[in-house]
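Protein sequence lines, in the order shown, are assigned to chains A and B. Taking this note's numbering, I'd label the letters of the first sequence as residues 3 to 241. Taking this note's numbering, I'd label the letters of the second sequence as residues 2 to 280. The beta-carbon is built from N, C-alpha and C at its ideal position, and this holds for glycine as well. Please read these numbers as outputs of a predicted model, since none were measured by experiment. Read through the structure below, which is laid out as structure tokens, and then see the notes.
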Amino acid sequence: MAQLICRDVVLGYEGKAVVQHLNFEVNQGDYLCIVGENGSGKSTLIKALLQLKKPMAGEILSGDGLEADGIGYLPQQTIVQRDFPASVQEIVRSGCLGRFGWRPFYGKAEKAVAEENMEKLGITHLAKRCYRELSGGQQQRVLLARALCATKYMLLLDEPVAGLDPVAIQEMYDLLERLNQEEKITIIMVSHDIRAALTYASHILHISEEPLFFGTKEDYLKSEIGRSYLSVTGGKRHA
Amino acid sequence: MLEMLMMYFQYPFVRYAMLVGVLIALSSSLLGVSLVLKRFSFIGDGLSHVAFGAMAIATVLDVASDTMVVLPITILSAILLLHTGQNAKLKGDAVIAMISVGALALGYLFLNLFSKSANLTGDVCSTLFGSTAILTLSLLDVWLCVVMSILVLLIFTFFYHRIFAVTFDETFAKATGMKVNRYNLLIAIVTASVIVLAMKLVGSLLISALIIFPALSSMRLFKSFYGVILSSAVCSVFCAFFGILLSILASTPVGATIVCMNILVFALCSLLGACLKRG
Ligand SMILES: Nc1ncnc2c1ncn2[C@@H]1O[C@H](COP(=O)(O)OP(=O)(O)O)[C@@H](O)[C@H]1O
Ligand SMILES: [Mg+2]
């Protein structure tokens with residue numbers, strides 16, 4: 003069974019649909035890129051997959067052990083965080099809270115998971131540093147480590163490279179590729195960067211008011227919509 | 002001077018005042034960090050005005066314990082304010098301004114129309130700015146305050162990590178399955194309770210200072226949540242302790258003196274923070 007299945011899902015705000023007829027499924031180990039214009043409902047879809055937002059119609063099913071451990075989420079960065087006093091360690095550990103039960107403090111297991119994920123992302127040496135004093139790329143790694151603490155199976159990322167410099171962008175993509183290939187973590191990523199999407203993704207979901215395309219990357223390259231989207235935006239890289 | 006202090010501390014009401022003052026300062030500083038970081042400090046401000054209105058009603062009704070009237074009204078308003086704050090359709094800050102100014106006006110009007118007290122201006126002034134009331138606390142007040150403070154401390158310790166998560170990134174916390182709204186509600190209710198308690202100490206106009214200043218001072222110096230929480234607890238207790246001492250020695254108003262101590266500490270922390278950044 004697939005990890006996530008969307009059946010005829012309609013999403014919108016206050017009774018007005020933003021995107022409808024969403025039909026797709028995600029299997030373990032997939033690397034799905036969601037592309038589309040600004041305001042086409044990509045972030046809205048992410049929120050629906052996280053169950054932060056109810057679909058207006060249709061259903062979103064999860065399976066394959068996904069319920070048990072939840073989804074790791076890397077949000078589009080919010081402004082409030084920028085002057086927040088918080089150390090890297092505090093933030094990464096907070097990813098464990100979801101499956102914490104009613105205990106007030108972290109146990110050995112949670113601390114070990116946090117440690118392991120910081121190690122994996124190469125930020126162990128930053129553990130005591132203040133989040134707001136890190137570079138953009140380092141900050142994204144911290145949030146990614148936190149997301150990994152919340153899941154073993156699936157990561158949802160909303161424009162994870164927006165605002166990063168080219169080196170940090172490449173590092174981020176490499177990291178995600180490694181997590182996807184070595185740890186078999188399913189990745190669902192919203193991206194403006196169609197070039198990168200076509201390099202790393204296994205599947206593409208292109209949305210507008212209607213989903214324009216869902217399928218493998220190879221099919222997308224051959225499709226009408228894929229080729230026209232590429233010719234409009236594909237020439238240059240969107241940071 | 003030391004002898005004079007010793008003499009004062011022989012009176013139980015002075016010791017009570019000190020105990021209550023320090024406990025209130027401690028509770029409000031812990032909460033303050035979350036409120037400031039969540040950009041909720043305006044709720045504290047709005048609530049303190051509501052508490053004034055409620056206090057006026059309690060005075061007029063002439064009930065046995067003011068707190069029994071003021072506490073429920075303030076908690077209800079806290080829940081209401083939190084709700085409008087999250088509602089995108091209503092302008093949250095405008096609603097809060099409306100409620101808080103409305104409560105002030107209504108409270109003052111009530112007092113003017115119905116109060117039997119001979120010294121109306123004195124009553125109003127002491128509700129707004131705190132009073133010598135802290136030196137005339139009944140044993141019931143002291144106990145109430147001690148119990149409430151311990152409760153706040155326990156809640157804060159128990160939910161510390163969750164409060165951090167909800168404060169730092171509400172959306173992520175929600176996504177990992179935390180019941181974020183419940184924690185917001187908890188924070189609002191505890192805030193209301195602390196404000197009602199603190200009204201005795203510094204009066205309803207100055208409460209915000211107790212909530213905001215320690216957190217802001219600490220944020221100048223410390224970079225981790227834990228550090229900021231600890232430091233603002235220490236700052237706040239320090240300011241309350243020496244503020245009360247000073248007000249006894251110099252017979253200045255208690256509330257205003259404590260707030261001035263807080264301003265002083267904030268200035269020092271800002272200076273130190275700036276030096277550390279450059280050095
Ligand atoms: N909280 C909201 N209330 C009402 N409309 C919203 C809200 N958030 C987003 N929208 C609308 O939904 C549409 C899709 O938004 P979004 O999912 O953020 O787009 P994307 O991430 O693809 O740029 C936009 O037209 C936006 O105006
Ligand atoms: Mg978006």
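Of the heavy atoms belonging to ligand 2, at least one sits nearer than 8 angstroms to the Cβ of residue 45 of chain A.
Under the Cβ distance rule, residue 57 of chain A does not count among the residues neighbouring chain B, no pair being separated by less than 9 angstroms. Its chain contains 188, 204, 205 as the residues whose beta carbon lies nearer than 7 angstroms to that of residue 32 of chain A, once the 5 sequence neighbours on both sides are disregarded; these appear in chain order. Contact annotation for residue 227 of chain B against chain A: 89, 92 [CB-CB distance below 8 angstroms, chain order]. Within the region 200–230 of chain B, the complete alpha helix (DSSP H) segments at least 4 residues long are 208–222, listed from N- to C-terminus.
Looking at the backbone, the Cα of residue 53 of chain B and that of residue 241 of chain B are separated by about 22 angstroms.
According to DSSP, residue pairing for residue 35 of chain A in a beta bridge involves A:191, A:206. Ranking B:107, B:218, B:44, B:263 by CA distance to the CA of residue 57 of chain B puts B:107 first. Among the bridge pairs identified by DSSP, residue 218 of chain A is matched with A:205. Counting C-beta pairs with one atom in each stretch, the region 38–47 of chain B and the region 7–15 of chain B have fewer than three that are closer than 8 angstroms, which means they do not touch. The C-beta of residue 144 of chain A has 16 or more other C-beta atoms within 10 Å across all chains shown, which makes the residue buried. Fully enclosed alpha helix (DSSP H) runs of no fewer than 4 residues occupy 138–152 of the region 118–181 of chain A, in order along the chain.
Under the three-state reduction of DSSP output, residue 41 of chain B falls in the coil class, being neither helix nor strand. Of the heavy atoms belonging to ligand 1, at least one sits nearer than 8 angstroms to the Cβ of residue 42 of chain A. Under the DSSP assignment, residue 9 of chain A falls in the beta strand (DSSP E) whose first and last residues are 6–15. Per DSSP, the continuous beta strand (DSSP E) segment holding residue 61 of chain A begins and ends at 59–64.
Going by C-alpha positions, residue 107 of chain A is about 52 angstroms away from residue 225 of chain A. Taking a contact as a CB-CB distance under 8 angstroms, the pair residue 237 of chain B and residue 30 of chain B counts as one, their CB atoms being some 3 angstroms apart. The C-alpha of residue 58 of chain A lies about 8 angstroms from the C-alpha of residue 17 of chain A. Taken through DSSP and simplified to helix, strand or coil, residue 25 of chain A comes out as strand. Distances from the alpha-carbon of residue 86 of chain A to those of A:179, A:173, A:136 put A:136 closest.
In the three-state DSSP reduction, residue 139 of chain B falls in the coil class, being neither helix nor strand.
Cβ-Cβ distances below 8 angstroms link residue 73 of chain A to 51, 52, 152, 153, 155, 156, 157, 158 in the same chain, with the five nearest sequence neighbours on each side left out; the list follows chain order. If only uninterrupted alpha helix (DSSP H) runs of at least 4 residues are considered, none is enclosed by the region 5–31 of chain B.
DSSP links residue 18 of chain A through a beta bridge to A:15. Of A:28, A:44, A:197, the smallest CA-CA separation from residue 217 of chain A is found for A:28. Per DSSP, residue 232 of chain A lies in no alpha helix (DSSP H) and is assigned neither H nor E. Only residues of its own chain outside the window of five on either side were considered, and among them 240, 243, 244 have a CB closer than 7 angstroms to the CB of residue 262 of chain B, listed in chain order. With a cutoff of 9 angstroms on beta-carbon distance, residue 255 of chain B and residue 18 of chain B are scored as near each other.
One Cα belongs to residue 180 of chain B, the other to residue 160 of chain B, and the distance between them is close to 12 angstroms. With respect to chain A, the C-beta atom of residue 129 of chain B has no partner C-beta closer than 9 angstroms. With its beta carbon less than 9 angstroms from one in chain B, residue 99 of chain A belongs to the interface. Using beta-carbon distances, residue 83 of chain B does not count as an interface residue toward chain A, since no partner is under 9 angstroms.
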